[in-house]
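Accompanying notes for the structure given below.
Protein chains in written order, with this note's numbering: chain A, 1 to 112; chain B, 1001 to 1114.
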């Protein structure tokens, strides 16, 4: 069945370093992917999205990479800051109007 | 910042009580969703709606029910709360137009059933 998963449940980085959070998906028909950030006690917050016709998209300090060949998605955070500490979720959508399928989160901890 | 609101933020209630979790959005979004999330775990879709008078069950079986009488309002009701219902409930909404499928989330309701 469809599934979205993350390789690591936790990631610890030093402040100022770059962070890379990975996600694997199994449905090759998925055409839309989103990264969310969820801070403790809050709802998920949109970070960046990417469509399947792209392999890279950049935002402010964040980059999402999509490798459709191996069904892999990653989120790169440049110059990680303490405020980036949160749980990060990837999600995929298979078709127009379809539901989002969320993977397990990766908890990012930033050490000062 | 998304204009989507949930009340209450926290609720502690006894077994057997009827509860309604409120969700409202002021963005005029057609699609709305309810997710259930245990701490640190992935989100599971329990209900969604394409618009007024539309409600659908999600991927995770739930004993809750929803209604969509107004575009901006999507309440979730548990007729008889049980300890197994203890969880966080997240409401979300999205546009229904090609090119913008981002779901915007409310702050969540943390429910504890004793």
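Note that the Cβ used here is the ideal one computed from N, Cα and C, for glycine as well.
As the structure is a prediction and not an experimental result, all values here were calculated from the model.
Beta-carbon proximity of residue i to residue j, cut-off 8 Å
i	j	result
residue 1037 of chain B	residue 1087 of chain B	yes
residue 99 of chain A	residue 1076 of chain B	no
residue 11 of chain A	residue 69 of chain A	no
residue 1109 of chain B	residue 1043 of chain B	no
residue 1041 of chain B	residue 1074 of chain B	no
residue 1064 of chain B	residue 1055 of chain B	no
residue 1081 of chain B	residue 1035 of chain B	no
Residue i at chain B interface by Cβ criterion, 8 Å
i	result
residue 66 of chain A	no
residue 56 of chain A	no
Three-state secondary structure assigned by DSSP to residue i
i	result
residue 1024 of chain B	strand
residue 1084 of chain B	helix
residue 49 of chain A	strand
Residue i versus residue j: straight-line alpha-carbon distance, rounded
i	j	result
residue 103 of chain A	residue 1105 of chain B	16 Å
residue 1053 of chain B	residue 9 of chain A	39 Å
residue 1026 of chain B	residue 1003 of chain B	6 Å
residue 60 of chain A	residue 1103 of chain B	20 Å
residue 108 of chain A	residue 1060 of chain B	27 Å
residue 110 of chain A	residue 21 of chain A	13 Å
Chain A within 8 Å of residue i, Cβ atoms only
i	result
residue 1105 of chain B	yes
residue 1108 of chain B	yes
residue 983 of chain B	Because chain B here runs from 1001 to 1114, residue 983 of chain B falls outside it and cannot be looked at.
residue 1045 of chain B	yes
Quiz prompt | the segment 69-88 of chain A in contact with the segment 20-37 of chain A per 3-pair CB rule at 8 Å | solution = Contact between the segment 69-88 of chain A and the segment 20-37 of chain A is present, because at least three Cβ pairs lie under 8 Å.
Quiz item: Are three or more beta carbon pairs between the segment 78-89 of chain A and the segment 13-21 of chain A nearer than 8 Å?
Solution: Between the segment 78-89 of chain A and the segment 13-21 of chain A, the count of C-beta pairs closer than 8 Å reaches three or more; the two stretches touch.
Quiz item: Between the segment 84-96 of chain A and the segment 36-54 of chain A, do at least 3 Cβ pairs fall closer than 8 Å?
Solution: With the cut-off at 8 Å, the segment 84-96 of chain A and the segment 36-54 of chain A touch.
Quiz item: Does the pairing of the segment 43-63 of chain A with the segment 25-32 of chain A give three or more beta-carbon distances under 8 Å?
Solution: With the cut-off at 8 Å, the segment 43-63 of chain A and the segment 25-32 of chain A touch.
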